[in-house]
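Asks:
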Amino acid sequence: MKRPIILTSIIILAVFLLGYFVLLEKYNDLRSFRFQIEQKKLDLEDLRESFTSLSNLDEELKEYESEISRISSALPADADIPSVANFIQEISKENELTIESLEFGQDVSSRSSRSSTKTVQAIEGASDIKENNFSLSLFGSYSDFKNFLSSLEKSVRIIGIKEMTFSSLTGSLNFTFDLELKVYSY
Amino acid sequence: MAFEVTAKKETKKFDGWNIIFFFSLVLLIAAVLSFFIFTYYIEEANKEIGELDRKIANQEQENQELKNNLKAKKKIIDNFSLILSHHKLTNQVFPLIEKITHQEVVFTEFVISPENYQIELSGRTTNFQTLGEQILILKNNNEISDFNLLEVSSKPKDLDYIEFFLNIYLSPQVFILSSQ
Numbered sequence: 031m032k033r034p035i036i037l038t039s040i041i042i043l044a045v046f047l048l049g050y051f052v053l054l055e056k057y058n059d060l061r062s063f064r065f066q067i068e069q070k071k072l073d074l075e076d077l078r079e080s081f082t083s084l085s086n087l088d089e090e091l092k093e094y095e096s097e098i099s100r101i102s103s104a105l106p107a108d109a110d111i112p113s114v115a116n117f118i119q120e121i122s123k124e125n126e127l128t129i130e131s132l133e134f135g136q137d138v139s140s141r142s143s144r145s146s147t148k149t150v151q152a153i154e155g156a157s158d159i160k161e162n163n164f165s166l167s168l169f170g171s172y173s174d175f176k177n178f179l180s181s182l183e184k185s186v187r188i189i190g191i192k193e194m195t196f197s198s199l200t201g202s203l204n205f206t207f208d209l210e211l212k213v214y215s216y
Numbered sequence: 004m005a006f007e008v009t010a011k012k013e014t015k016k017f018d019g020w021n022i023i024f025f026f027s028l029v030l031l032i033a034a035v036l037s038f039f040i041f042t043y044y045i046e047e048a049n050k051e052i053g054e055l056d057r058k059i060a061n062q063e064q065e066n067q068e069l070k071n072n073l074k075a076k077k078k079i080i081d082n083f084s085l086i087l088s089h090h091k092l093t094n095q096v097f098p099l100i101e102k103i104t105h106q107e108v109v110f111t112e113f114v115i116s117p118e119n120y121q122i123e124l125s126g127r128t129t130n131f132q133t134l135g136e137q138i139l140i141l142k143n144n145n146e147i148s149d150f151n152l153l154e155v156s157s158k159p160k161d162l163d164y165i166e167f168f169l170n171i172y173l174s175p176q177v178f179i180l181s182s183q
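Residue numbers (our numbering), protein chains in the order written: chain A, 31 to 216; chain B, 4 to 183.
1) Check Glu154(B) in the structure and name its three-state DSSP category.
2) Since Ile80(B) and Ile191(A) should fall inside the 8 Å C-beta cutoff, what is the C-beta to C-beta distance between them, to a whole number of angstroms?
3) Determine, for Ser180(A), whether the minimum Cβ-Cβ distance to residues of chain B falls below 8 Å.
4) Alpha carbons only, please: which of Ser197(A), Glu89(A) and Glu75(A) is nearest the one belonging to Thr206(A)?
5) Leaving out five residues on either side along the sequence, give the residues of the same chain with a beta carbon under 6 Å from the beta carbon of Ile189(A).
6) For Gly190(A), report the span of its beta strand (DSSP E) as first-last.
7) Please name the residue, chosen from Arg187(A), Asp76(A) and Glu120(A), that lies closest to Asp108(A) on a Cα-to-Cα basis.
8) Let me check understanding here. Comparing Cα to Cα, which of Tyr172(A), Val114(A), Lys176(A) and Phe175(A) lies closest to Asn163(A)?
9) Check whether the stretch 99 to 106 of chain B and the stretch 113 to 128 of chain A touch, using three or more Cβ-Cβ pairs below 8 Å as the test.
10) Residues in its own chain within less than 6 Å of Ser125(B) by CB, not counting five upstream and five downstream?
11) Using the Cα positions of Phe150(B) and Leu134(B), report the straight-line distance between them to the nearest angstrom.
12) Using a threshold of 8 Å, state whether the C-beta atoms of Val108(B) and Thr128(B) are closer than that.
13) Starting from Tyr214(A), follow its DSSP beta bridges and name the residues at the other end.
14) List the residues of chain B whose Cβ lies closer than 9 Å to the Cβ of Arg187(A), in chain order.
15) DSSP state of Ser148(B), grouped into three classes?
16) Let me make sure I understand the geometry here. Which of Lys70(A), Arg64(A) and Gln69(A) has the alpha-carbon closest to that of Tyr44(B)?
17) At a CB-CB cut-off below 7 Å, which residues of chain A make contact with Ser27(B)?
18) Check each candidate in His89(B), Leu153(B) and Asn143(B) and name the one with the smallest Cα separation from Ile179(B).
19) DSSP on Val114(B), reduced to helix/strand/coil?
20) So with Cβ pairs under 8 Å, would you call Thr133(B) a contact of chain A?
21) Pull up the CB-CB distance for Ser80(A) and Asn66(B), whole angstroms please, since I reckon it's below 8 Å.
22) Using a beta-carbon distance below 8 Å, is Tyr172(B) in contact with chain A?
23) Kindly list the residues whose CB is nearer than 7 Å to the CB of Ser122(A), restricted to its own chain and excluding five residues on each side of it in sequence; keep chain order.
24) If contacts are defined as beta-carbon pairs under 8 Å, then Tyr120(B) and Leu173(B) qualify, I think. What distance do you get, rounded to the angstrom?
25) Verify the CB distance criterion: does Leu166(A) have a CB-CB separation below 8 Å to chain B?
26) Alpha carbon to alpha carbon, what distance is there between Lys76(B) and Ile159(A)?
27) Verify whether the separation of the beta carbon atoms of His105(B) and Ile140(B) is less than 8 Å.
28) For the alpha helix (DSSP H) containing Ser102(A), name the first residue and the last one.
29) Assign Gln176(B) to one of three DSSP states: helix, strand, or coil.
30) Hey, Leu69(B) and Leu84(A): beta-carbon distance below 8 Å or not?
31) With which residues is Leu209(A) paired in a DSSP beta bridge?
32) Checking the sheet assignment: what are the DSSP bridge partners for Glu123(B)?
33) Give a yes or no on whether the minimum CB-CB distance between Glu154(B) and chain A is below 8 Å.
34) Locate the alpha helix (DSSP H) running through Leu87(A), then write down its first and last residues.
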């Protein structure tokens with residue numbers, strides 16, 4: 031009779047210890063993991079929803095891909111001075127104006143007392159956009175110059191005018207047009 | 004008969020302890036089984052967490068790539084808008100100058116500063132009356148914000164014309180892209 035009592039007591043004690051120190055802890059761990067799983071499922075769901083809305087936005091923007099591409103051309107990765115010079119040369123020729131000088135890479139502020147600009151400077155409000163300045167001197171008639179400006183302003187590449195000066199020579203219908211221009215790049 | 008009664012009592016006591024013993028044994032087996040069951044489910048939960056973490060990481064990466072792509076496009080558009088807001092067009096300036104020039108006034112030198120909405124003009128006219136009329140034309144034009152007559156000179160040797168210098172500030176609207 032003594033043996034079952036002792037064994038029973040040992041077994042009950044073992045069950046109690048196992049239950050309290052091991053099983054309860056395991057149960058709590060399992061509950062915690064289940065909670066984590068639920069949280070992660072919610073996180074994943076949120077991320078998927080976010081992805082769907084971003085994808086929709088991307089799809090909408092794809093409709094304007096050609097416009098964005100043109101905008102990228104207006105603001106290229108580098109100044110690409112040769113293509114700008116080529117464009118200026120072409121439209122001058124088209125409008126029967128003679129290029130007297132075209133200067134890049136010099137501090138154009140030294141040519142003018144009215145403005146104080148550097149050849150390359152960051153644009154206000156966007157430090158990664160550079161403003162590349164250059165000067166151009168043209169000779170020709172007023173009406174041709176107006177057509178030249180019209181072509182210049184229709185260019186895909188944005189060419190801004192910082193300042194332009196021109197004066198008539200006595201008795202002549204032709205003018206010398208001095209322009210300080212700027213193009214933008216990253 | 005008395006012996007039989009005693010033997011029955013002992014058998015009853017023995018059966019009770021056995022039940023408790025077996026019951027405790029069942030409890031122990033159940034506890035041990037529970038241990039293995041919990042361990043199994045914890046392992047499964049860990050695997051599921053690992054799988055979810057992997058899915059979340061992949062999804063985050065995909066979202067980030069898409070976000071970067073959209074941010075790049077947004078930056079291009081924003082930068083273009085910023086440049087356009089700084090960009091001044093001069094195609095409306097010349098028709099305006101032509102419109103505001105008095106028929107007896109000749110402008111000989113032009114300095115146009117689109118960034119300051121400013122035009123500096125050197126001009127010539129025959130007399131002060133036409134200069135006054137020119138000033139009146141400038142005053143009455145709503146595309147001109149302000150102007151200053153800075154210099155007026157008449158050369159004693161050559162009194163048939165007077166020279167003047169004007170500083171004109173145009174309305175910013177003149178330099179904005181029009182639909183025309």
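Beta carbons: idealized from backbone N, C-alpha and C, even for Gly. Predicted model, so just to flag it, every value in this text is computed and none were measured.
Replies: Put simply:
1) strand
2) The pair is not a contact, with the Cβ atoms about 24 Å apart (cut-off 8 Å).
3) yes
4) Closest option to Thr206(A), Cα to Cα, is Ser197(A).
5) Leu182, Leu211 and Val213
6) Ile189 to Ser198
7) Arg187(A)
8) With distances taken between Cα atoms, Asn163(A) lies closest to Val114(A).
9) no
10) Once the five neighbours on either side are set aside, the close Cβ partners of Ser125(B) are Thr111, Glu112 and Phe168.
11) 14 Å
12) yes
13) Glu161(A)
14) Ordered by position in chain B, no residue passes the 9 Å Cβ test against Arg187(A), which lies about 11 Å from the chain.
15) strand
16) Tyr44(B) has its Cα closest to that of Arg64(A), out of Lys70(A), Arg64(A) and Gln69(A).
17) Thr38, Ile41, Ile42 and Val45
18) The shortest C-alpha separation from Ile179(B) is found at His89(B).
19) strand
20) no
21) 6 Å
22) no
23) Ile129, Leu168 and Phe178
24) 5 Å
25) no
26) Pairing Ile159(A) with Lys76(B), the inter-Cα distance amounts to about 15 Å.
27) yes
28) Glu95 to Ala104
29) helix
30) Between Leu69(B) and Leu84(A), the C-beta gap is smaller than 8 Å, which places the two residues in contact.
31) Leu166(A) and Met194(A)
32) Val114(B) and Asn170(B)
33) no
34) Looking at the DSSP string, the run of the alpha helix (DSSP H) that includes Leu87(A) is Leu54 to Lys92.
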